[in-house]
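Numbering (the numbering used here), first residue to last: 112 to 682. Okay, structure first, notes after.
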RNA sequence: GAGGGUGUAGCUCAGUCGGUAGAGCAACGGCCUUUUAAGCCGUGGGUCCAGGGUUCGAGUCCCUGCACCCUCACCA
């Protein structure tokens, strides 16, 4: 048995603490002889020092071990939290450079190029005088090799490295006897000591709640999670690039709005103190982007964070990102073309495929996508003519009675009942990308009417895997019809309508807005589809979570204490 | 809001009929200069989500609460 082991003294500490729980963190270290492992002095300092005291679950054994190493490293005159470490080469690029070279097994390129690299230690295989680290940077993993001979005085620090530490190294390429590409380290620097242990080295962090609350741990321990967010960035970059090629201008419009509009949803409410003014977080940027059209910005887009005070589900987050764009002198057919270009193009360029698996389904993004009329799909899947209101109400009543349809048709206007049945029967049938055209006009107060039929609006929605991904109009630019649509209240379940009167917006139309096509695409849902993520929380870095209660320690990313209770009223 | 599920070591998970709290990884001590989830020997580590109840005895059974996940509703 190892004489320097810690079996006995900590046991005594625990036992005395168990008898006197209140004194647990103040208990003096048990009397022992001289120690060489450096652990007890640390515990003594932590438990008796004048600084903040740590309870047992705020400071577990492994964290104490790591703090002991921290002190040892400082004792060697080394800053455990580094500083600037310039000129690093991403692991991906180092691998690419190595692919150009002939490196034999067991060889080190003594006269080869010197690389700087940095990342987090995710695996460690230590021998007596040799350490292999698997280090992860944003682009991937690479093995670093440290030998006592090569790093000289740095060896003392190297022996104190833990999983999770962030290191920067200088070295030359080689291959080990087993052929693994290895950066043989001649000098290294500790850039950040990890004081908390990382998750299990193979499985990473799998607990979904922990993954959302501590996304930073999810990101460095789960390459799959990092892949999703890097691809999200690439998809958005691709969209920006394509729109720029088509001469669209990126603009920013108000998130704080005195009148909310452009969609049907409950808004978040806030207040401006100096102006003593009620403001809403936008549910849509639509009415402001159209004002840009009036102003002569002929092709505009915004990647727009929107906020809707509604339920949370695998497809809904209270804040989400919408692409919205408007093209003067266009119509909704132009918007279909843009949809196909952006989405099929992103699949091809970012994912590298035209067929992308989502859950159990292979979704085919090959263009062109089917264009189906709303009324035709209704007849096909519901089995009724869209004009046969009596039969439609009868069907809705039957479904409602059977508990298959929540909505009560007797409380709804005709077009809303029609749409309830459309959603019930049709939407989840639309698996591969499908444009649904020509909606009932009553559902579309911001849309131009069909020239041959005023009951039909020049609108489409894009459905993929039963989800609404896009929504586009030939935009209504007749101010008188717009004013009339704002004035008409459509009776729905919650008595909500997107047609909240916005007098300034109508006035803008009176100055003259060019005919235009407008399009909205749900970016989060698009990223879900293309990355194969079945929950919207898996494509939003920090999804909204209820704060952990009774947890005053900074452990779980709790919300800061509310300064003042905000208004709760809902318009 | 309704229904279902989950909550045990830093992480991933077992825990039988109610009878002393378990494993792997991680950690600590030891050996080791070519590993790939390194290996071998040894050791420590628990608010069993929280609170109540039943019981001689509760991780386990009952009640209440909390958090998260799923389905439904809401989201035209």
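Ideal Cβ placement from N, Cα and C applies to all residues, glycine included.
Secondary-structure assignment with DSSP links residue 435 through a beta bridge to 413, 631. Residue 301 is classed as buried because its beta carbon has at least 16 other beta carbons within 10 Å across all chains shown. By the criterion of a C-beta distance shorter than 7 Å, residue 443 is surrounded in its chain by 569, 570, 571, 583, 584, 585, 628, once the five residues flanking it on both sides are discounted. Excluding residues up to 5 positions away in sequence, 214, 218, 219, 220, 293, 295 lie with their Cβ nearer than 7 Å to the Cβ of residue 285 in the same chain.
CA-CA distance, residue 542 to residue 577, rounds to 6 Å. Unbroken alpha helix (DSSP H) stretches of 4 residues or longer found wholly inside the segment 486 to 514: 500 to 512, given in chain order. Boundaries of the beta strand (DSSP E) around residue 246: 241 to 248.
For residue 480, the secondary structure class from DSSP, reduced to helix, strand or coil, is coil.
Following the DSSP letters along the chain, one finds residue 448 inside the alpha helix (DSSP H) bounded by residues 443 to 450. Within the same chain, 511 come within 7 Å of residue 519 by CB-CB distance, once the 5 residues on both sides are set aside. Of the other Cβ atoms in all chains shown, 16 or more fall within 10 Å of the Cβ of residue 415; this residue is therefore buried.
Going by DSSP, residue 227 is part of the beta strand (DSSP E) stretching over 225 to 237. For residue 245, the closest alpha carbon among the candidates 259, 495, 187, 272 is that of 272. Here the alpha carbons of residue 452 and residue 439 stand approximately 18 Å from one another. Excluding five sequence positions before and after residue 611, the CB atoms of its chain that fall closer than 8 Å to its own CB belong to 370, 371, 372, 597, given in chain order. Taking residue 557 as the centre and dropping the five residues before and after it, the same chain places the C-beta of 587 closer than 6 Å to its C-beta, in chain order. In the structure shown, residue 591 adopts helical secondary structure according to DSSP, grouped into three states.
By the neighbour-count criterion, in which a residue is buried when 16 or more other Cβ atoms sit within 10 angstroms of its Cβ, residue 645 is exposed. Taking C-beta separations shorter than 6 Å and ignoring five residues to either side along the sequence, the partners of residue 181 in its chain run 191, 304, following chain order. The Cβ atoms of residue 428 and residue 655 sit closer than 8 Å to each other.
In terms of Cα proximity to residue 639, the closest of 467, 615, 566, 196 is 467. In the structure shown, residue 578 falls within a strand segment according to DSSP collapsed to helix, strand and coil. Scanning its chain for C-beta atoms nearer than 6 Å, with the 5 sequence neighbours on each side dropped, one finds around residue 336 the residues 329, 330, in chain order. Closest option to residue 634, judged by alpha-carbon separation, among 239, 536, 521, 351: 351. Annotation: the continuous beta strand (DSSP E) that includes residue 296 extends over 292 to 303.
By the 16-neighbour rule on beta-carbons within 10 angstroms, residue 465 is exposed.
A Cβ-Cβ separation of about 5 Å places residue 532 in contact with residue 493 under the 8 Å criterion. Contact between residue 205 and residue 228 is confirmed by a C-beta separation of about 6 Å, below the 8 Å threshold.
Note on residue 319: under 16 other CB atoms within 10 angstroms of its CB, so exposed under the neighbour-count rule.
Note that the segment 403 to 411 touches the segment 615 to 626; at least 3 beta-carbon pairs, one per stretch, sit closer than 8 Å. The continuous alpha helix (DSSP H) containing residue 535 extends over residues 525 to 536. Taking one beta carbon from each stretch, the segment 477 to 488 and the segment 538 to 553 have 3 or more pairs nearer than 8 Å; the two touch. Here the alpha carbons of residue 269 and residue 197 stand approximately 21 Å from one another. Here residue 395 carries a coil assignment [DSSP, helix/strand/coil]. DSSP places residue 334 in the helix class (H, G or I) of the three-state scheme. Within the same chain, 525 come within 6 Å of residue 500 by CB-CB distance, once the 5 residues on both sides are set aside.
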